[in-house]
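Participant:
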Amino acid sequence: MPGFELIGNEERAELNEIFDQSNGVLFAHGFIPQRNGRYRVREFEKSFSEKFKCSHVQATTSGTIAQYIAMLAMGVKAGDEVITQSFTFVATVEAIIAIGAVPVIVDIDDTYNMDPVALENAITQKTKLIIPVHMLGNTADMEYIQGIARRFKIPVLEDGCEALGAKYRGKYSGTLADAGIFSLDFAKTITTGEGGLIVSNNAEIHKFCREFHDHGHESNPALPRGRDTRTIPGLNFRMTEMQAAVGLAQLRKLDTIVAINRRNKQALKEVLKRSDKIKFRRITDDHDELADTLIFNFENDKLCNNFLKKYLVAGFLTKNVPDAIDWHFAGTWNHMFKNVPSYRDSWDTAWSKSAQLLNRSVAIPIFVKDSAEKMQERGEAIMRILATL
Ligand SMILES: Cc1ncc(COP(=O)(O)O)c(C=O)c1O
């Protein structure tokens, strides 16, 4: 699973350097004599852009805010329709509503991500943006989705918060479309405690994000910060040097995290493949998924619930499905749609296809600290439970 498992001496050393080399400067800007040339937020953005092969990276305080700013940068305004999916974290829809835009939420398919057919059916004259979410490590069907988006000339913002490190057709997921966002919160592949990133290859989108997240500062190199130029008002969503220091150490661990995820998931899946009672989620790029979660489903929810009772009693964990489904499935969000007329009276029935799939599904977290042998043992224990159903 995530970077929090591997927080240790490398992160501690990076943090100590802030005090040992840079006199404890925690602000991303200014303090020129004290910081001794180190700008850790900028270094983190640069390292990320080099690794992810995208021209522009903007660090922010969270993935939620990264999405909010990216949507503004992509021209989303109050009243515009933004299409996303029913299975996602609440943040995706919260950020749309925060702008005053209208969330148009479509069902998921057997990838547990946006169903491209449902997407196409949901497009109207008012559609301003499409946000596919790469849920639990599996990239959405991006070729299909981008094909539709191109045909209708609608930009795409990828939510890569749950798939940092996955690739699709050889490129990092999150860098495939017009822009992408990542979260660096406590539960993500790499973490800075809280934090987010906006990535793109579009200089205009990046310029807006950079300025908006920092009160409009243009960071004009010819002027001191107190005299800086500005053309748009913004807010403060700046990352601190402490977060970036941890991020630098975590980013160096990304390849290891992903490699162990894949080894461990494969070890578990190989054992569970022997069962004819479960069906695995369709992975769009089997070779390059993040592999931090194994999702499978049963023929019906009764069988699934029987399994879950025994699985949980045995002391095993699930990841979001079903333990935190209330935060990840729009059909449970009784608080979200009071001011969204299209869903005010139908939020609990609107996504029956997704509900039908999620109600008979189980998501198992894959941990980096487990060994492949441990995963095989866990697989055998799960097989014994499956045999009793
Ligand atoms: C799919 C998805 N989008 C957005 C977010 C929001 O990220 P953050 O917690 O950094 O605000 C999350 C975090 O859980 C997420 O899973």
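Per the numbering used here, the sequence shown starts with residue 1, numbered consecutively. We put the CB at the ideal spot given by N, CA and C, even for glycine.
Quick one, are the C-beta atoms of Val-258 and Gly-165 less than 8 Å apart?
Facilitator: Yes, the Cβ-Cβ distance between Val-258 and Gly-165 is below 8 Å.
Participant: List in chain order the residues whose CB is within less than 6 Å of at least one heavy atom of ligand 1.
Facilitator: My final list is Ser-62, Gly-63, Thr-64, Thr-88, Phe-89, Ala-91, Thr-92, Val-133, Asp-159, Cys-161, Glu-162, Ser-183, Asp-185 and Gly-196.
Participant: Could you check how far apart the C-beta atoms of Thr-88 and Asp-141 are, in whole angstroms? I think they sit under 8 Å.
Facilitator: The pair is not a contact, with the Cβ atoms about 15 Å apart (cut-off 8 Å).
Participant: According to DSSP, simplified to helix, strand and coil, what is His-335?
Facilitator: In the structure shown, His-335 sits in coil (DSSP, three-state: anything other than H, G, I, E or B).
Participant: Does the separation of the CB atoms of Val-106 and Ala-118 fall below 8 Å?
Facilitator: It is a contact, given that the beta carbons lie within the stated cut-off.
Participant: So, under 8 Å CB-CB, Glu-204 and Ile-232 are touching, yes? Tell me the CB distance rounded to an integer number of Å.
Facilitator: Incorrect: roughly 12 Å between the Cβ atoms, too far for contact.
Participant: What do you reckon, are the CB atoms on Ala-330 and Ser-86 nearer than 8 Å?
Facilitator: Closer than 8 Å, so yes.
Participant: What are the uninterrupted segments assigned as alpha helix (DSSP H) that are 4 or more residues long and contained completely in the region 236–275, given in chain order?
Facilitator: Counting whole runs of 4 or more residues, the region 236–275 contains the alpha helix (DSSP H) stretches 241–252 and 254–272.
Participant: What are the boundary residues of the alpha helix (DSSP H) that Asp-159 is part of?
Facilitator: No alpha helix (DSSP H) contains Asp-159, which is instead part of the beta strand (DSSP E) from 157–159.
Participant: Flag this pair as touching only if the region 178–186 and the region 60–70 have three or more C-beta atom pairs under 8 Å; answer yes or no.
Facilitator: Yes, the region 178–186 is in contact with the region 60–70.
Participant: Give me, in chain order, the residues of the same chain whose beta-carbon lies closer than 7 Å to that of Ala-122; leave out the 5 immediate sequence neighbours on both sides.
Facilitator: So the list reads Ile-83, Val-104 and Val-106, once near-sequence residues are dropped.
Participant: Going along the chain, which unbroken runs of the alpha helix (DSSP H) with 4 or more residues stay wholly within the region 287–323?
Facilitator: Listed in chain order, they are 301–313.
Participant: Output yes or no for whether 8 Å exceeds the beta carbon distance between Asn-248 and Glu-14.
Facilitator: A small correction: the amino acid at residue 248 is Leu; Asn does not occupy that position in the sequence shown. Their beta carbons are under 8 Å apart, which means Leu-248 touches Glu-14 by this criterion.
Participant: Closer than 6 Å by C-beta to Glu-194: which residues in its own chain qualify, once you throw out the five before and the five after it? Chain order, please.
Facilitator: Closer than 6 Å at Cβ, skipping near neighbours: Ser-62 and Asp-185.
Participant: Can you tell me where the beta strand (DSSP E) holding His-206 begins and where it ends?
Facilitator: Where His-206 is concerned, there is no enclosing beta strand (DSSP E), although the alpha helix (DSSP H) it sits in stretches over 203–212.
Participant: How many angstroms separate the CA atom of Gly-100 from the CA atom of Glu-241?
Facilitator: Their Cα atoms are separated by approximately 32 Å.
Participant: Kindly confirm or deny that the region 358–367 and the region 294–314 touch, where touching means at least three C-beta pairs closer than 8 Å.
Facilitator: Counting Cβ pairs under 8 Å, three or more are found: they touch.
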